[in-house]
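Participant:
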Amino acid sequence: AHQWYLLKQQLRKRIEDPEDVARIIHTVRCILKTSGKGTDCSPSHCPEPWQFCRALGIFFNTPLLADVIFQVQDITIPAHRAVLVARCDVMAAMFSGSYVEAKSFLIPIYGISKDTFLCFLEYLYTDCCCPGKNLIYLSTED
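Residue numbers (this note's numbering): 229 to 370.
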């Protein structure tokens, strides 16, 4: 209950419209299947799939409720295992298998630039990614 309160407080700081805050909280509760009091997550009341990614985008690269940190080159990137596992089979295997990352809080990432990894995470959280020309450039980086 306290984490939901903290989430609402953080959302209110970032979003002015109280209806948008309520809609995002509802969407997150439905995604996590923690409906809470008076929340209907049945298919007829469930938000459209694109709304899930819009709601999840608020959590992209923010420490709010983050439970994993990626170390990529010289930066750290906060993330949320539930989002990563739900959106990426590779992450699901990594976090639920017998890999060391399943129990780690800080996970180093090698062999990829920070910009490329951020684009990847942005896609997982928002279902959108940087423009194609940027992807081509990022794919040729060392």
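Using N, Cα and C, we set each Cβ at its ideal position, and we do this for glycine too. Given the structure is predicted, the values throughout are model-derived calculations rather than measurements.
Starting from the Cα of THR354, find the closest Cα among PRO291, GLN301, GLY325, LEU312 and give me that residue.
Facilitator: Checked all of PRO291, GLN301, GLY325, LEU312; the closest Cα to THR354 is LEU312.
Participant: Round the Cβ separation of ILE335 and PHE298 to the nearest angstrom and send it over; I've been treating them as touching at under 8 Å.
Facilitator: Yes, ILE335 and PHE298 are in contact; Cβ-Cβ is about 5 Å, under 8 Å.
Participant: Classify LEU352: buried if its beta carbon has 16 or more other beta carbons within 10 angstroms, exposed otherwise.
Facilitator: Under this definition LEU352 is a buried residue.
Participant: Alpha carbon to alpha carbon, how far is ALA310 from PHE323? Give it in angstroms, no decimals.
Facilitator: Approximately 10 Å, taken between the alpha carbons.
Participant: Helix, strand or coil: how does DSSP classify ILE337 here?
Facilitator: It is a strand residue.
Participant: Is DSSP giving ALA307 helix, strand or coil here?
Facilitator: Note: ALA307 maps to strand in three-state DSSP.
Participant: With distances taken from CA atoms, which of TYR338, ASP343, LEU349 is nearest PRO306?
Facilitator: When only C-alpha atoms are compared, the closest one is LEU349.
Participant: Just reading off the alpha helix (DSSP H) that PHE287 is part of, what are its end residues?
Facilitator: Premise fails: PHE287 is in no alpha helix (DSSP H) and is neither H nor E.
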